[in-house]
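Residue numbers (the working numbering), protein chains in the order written: chain A, 26 to 291; chain B, 76 to 368. We treat Cβ as the ideally placed atom computed from N, Cα and C, and that holds for glycine. Nothing here was measured: the structure is a model prediction, and the numbers come from that model.
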């Protein structure tokens, strides 16, 4: 059973009106259990839309999305996934620990169980002494780690991330990428990851899905032959650069067809 | 915490300074202005400065310690204090009632767009109805109301009129606050499959607090105004509003007296606002400091 199965999905906004936008057209993708898949492409290629379709925050215009063999709606109701966004989006009025407990609270967990799990999560993201702090007392990178801890608190089999490190500086970013790989390896979580950055996508993923805009569709899927174990040395390996080149060519091929869009993928 | 204390000290100092300035202007004009008022181009526009029109500030304060009526052992101070305390309790009742109605309406309007479109214009219109016109109506409606053992007490009319003024800023402020949750947070709650009620309690109310606090502050002083005006226009005895009217009648013989009641009313309003500010500092103690207004 695949973790995420997307079959011939299209999504149009303002359907049938003069300002109709085809965000996605006829997209199919299969993500296996435990796989790390990145979606990459310029602004407007529909990668965030695709993520929200998996999360059932949007309904597809046509086609089907299934998560863990269930419909996307059912998967959302069963809390089969955790989600993290570009902005950490922590609640200012809750302590760090209470923020991590939020999804557990909504699931109706007992207080003691919630606390135990929150402490476990704080260990996982290596911020055990910050449980009683408030989010605004932490740095951006720390907040983002708490957001990841919150997304993983209920031990969902699937993690959906929309540029979760996109707002961080380069050094924090690379550190967070390493942390993310470590956490995912430790928990065996499947990840669908949206990003603008080619090296980030290659470093993290088993597969990189290259998308193009107007209408949003998948143009190329790059298998990253770097194996499971990755470290800072991975960034110097030939296979790393080969994969980067392959992704870049995928993006470039599309840019040749869409002249003028060349520079909007940071 | 020290920041809050320092800010509070600064504000208090500014408040005292502003008060001192008012006293200074009052006494300066009294010293230099014409006793019988002045005419400018044949129109009488300069106020009189005689003892009857503008008593000295210290006379006003001295009046507090003297008997309310000649020969009585009850001082003006104790009368004003009793009146202010009575009106304070009515104002609190009005404020609580107005708060409940205001927040309730805001939640309904946030939940149902149709309610918002239908009700909001009427809320705005309601505030243009003069309170003095409404007061006798509320008294007569209330007088006819009798549910089982419940008989409408006279003071409740004043509280209801206080609530009538208080609910409006509270409803509008809360409604704005409920709409202030960031889209990403709303999506997050959706991703947790959280119900509308859960989202309201865990996300929307907490984000609304910074909007609700100033609204409640306005509501608190509006409630005081409503109660004082209602006391005057319904003839309710025992409160500061009634005292203002009574003392004003004696203004020709005892001009300083009415000011004591006015000071009492001002202190009442400040106390109400102060209570709300104290609650504000308490609920916002763990928020980022820049969001404290």
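When you measure from the CB of residue 230 of chain A to every non-hydrogen atom of the ligand SAM, does any distance come out below 7 Å? Looking at this structure, you won't find the ligand SAM or any other ligand, since it has none at all.
Whole angstroms are fine: how far does the CA of residue 294 of chain B sit from the CA of residue 240 of chain B? Going from the Cα of residue 240 of chain B to the Cα of residue 294 of chain B covers about 7 Å.
Three-state secondary structure (DSSP) at residue 110 of chain B? coil
Under 8 Å from the C-beta of residue 273 of chain B: neighbouring residues of chain A: 131
With a threshold of 8 Å between beta-carbons, can residue 170 of chain A be considered close to chain B, or not? no
8 Å is my cut-off, CB to CB: does residue 211 of chain A come that close to chain B? no
Would you mind sorting residue 40 of chain A into buried or exposed? The rule is 16 or more other CB atoms within 10 Å of its CB. exposed
C-beta neighbour in chain A for residue 259 of chain B, strict 8 Å: yes
Return the chain-ordered list of same chain residues with a C-beta closer than 6 Å to the C-beta of residue 367 of chain B, the five sequence neighbours on each side being excluded. For residue 367 of chain B, the predicted structure reports a pLDDT of 42, less than 50, and the residue's modelled location is therefore unreliable. The matter cannot be settled from this model.
Find the residues of chain A that neighbour residue 363 of chain B, judging by a C-beta separation of less than 7 Å, and give them in chain order. Residues of chain A passing the Cβ test: 117 and 161.
Using three-state DSSP, classify residue 90 of chain B as helix, strand or coil. It is helical.
Note down, in chain order, all residues in the segment 278-292 of chain B with a beta-carbon under 9 Å from any beta-carbon belonging to chain A. Taking 9 Å as the cut-off between beta carbons, the residues of the segment 278-292 of chain B near chain A are 278, 281, 282 and 284, in sequence order.
Contained alpha helix (DSSP H) runs [length at least 4] in the segment 115-161 of chain A, N- to C-terminal order: 121-131 and 136-149
For residue 129 of chain B, three-class secondary structure by DSSP: coil
So who's on the other strand from residue 107 of chain A, going by DSSP bridges? A:184
Residues of its chain near residue 97 of chain A, where Cβ-Cβ distance is below 8 Å and the 5 sequence neighbours each way are ignored: 78, 79, 80, 81, 90 and 91
At a Cβ threshold of 8 Å, is residue 308 of chain A touching chain B? Outside the modelled stretch of chain A, which goes from 26 to 291, sits residue 308 of chain A, for which no answer is possible.
Output yes or no for whether 8 Å exceeds the beta carbon distance between residue 168 of chain B and residue 234 of chain B. yes
Please tell me whether residue 65 of chain A and residue 220 of chain A are closer than 8 Å, where the distance is taken between their beta carbons. yes
Count the other CB atoms, across all protein chains shown, that sit within 10 Å of the CB of residue 173 of chain B; report buried if there are 16 or more and exposed otherwise. buried
Tell me where the beta strand (DSSP E) around residue 236 of chain A begins and ends. In the DSSP annotation of this structure, the continuous segment of the beta strand (DSSP E) that includes residue 236 of chain A starts and ends at 232-237.
For residue 87 of chain A, which beta-bridge partners are listed by DSSP? A:35
Check residue 196 of chain B in the structure and name its three-state DSSP category. helix
Simplified DSSP assignment, three categories, for residue 199 of chain A: Looking at residue 199 of chain A - three-state DSSP - the assignment turns out to be helix.
Which stretch, first to last residue, makes up the beta strand (DSSP E) that contains residue 346 of chain B? Segment 330-358 is the alpha helix (DSSP H) holding residue 346 of chain B; no beta strand (DSSP E) there.
Cutoff 8 Å: residue 128 of chain A Cβ touching any chain B Cβ: Taking CB atoms only, residue 128 of chain A has a neighbour in chain B less than 8 Å away.
Buried or exposed: which applies to residue 207 of chain B, given that a residue is buried once 16 or more other Cβ atoms fall within 10 Å of its Cβ? exposed
Residues that residue 78 of chain B contacts on chain A, provided the C-beta gap is smaller than 8 Å: Residues of chain A passing the Cβ test: none, with the nearest at roughly 15 Å.
Pair within 8 Å by beta-carbon distance, residue 245 of chain B and residue 290 of chain B: yes
Under 9 Å between beta-carbons, which chain B residues line up against residue 104 of chain A? List them in chain order, please. Proximity of chain B to residue 104 of chain A at the Cβ level (cut-off 9 Å) is accounted for by 266, 267 and 268, in chain order.
Own chain partners of residue 142 of chain B with C-beta closer than 7 Å, once the 5 adjacent residues on each side are dropped: 148, 149 and 150
So, does the CB of residue 10 of chain A fall closer than 8 Å to a CB anywhere in chain B? Beyond the ends of chain A as shown, which are 26 and 291, falls residue 10 of chain A; an answer cannot be given.
With 8 Å set as the bound, which would you pick, yes or no: does the beta-carbon of residue 277 of chain A sit closer than that to a beta-carbon of chain B? no
Going by DSSP in three states, residue 261 of chain A sits in which element: helix, strand or coil? helix
Between A:278, A:237, A:226 and A:129, which lies nearest to residue 63 of chain A when the distance is taken from Cα to Cα? A:226
Using the Cα positions of residue 27 of chain A and residue 197 of chain A, report the straight-line distance between them to the nearest angstrom. 32 Å
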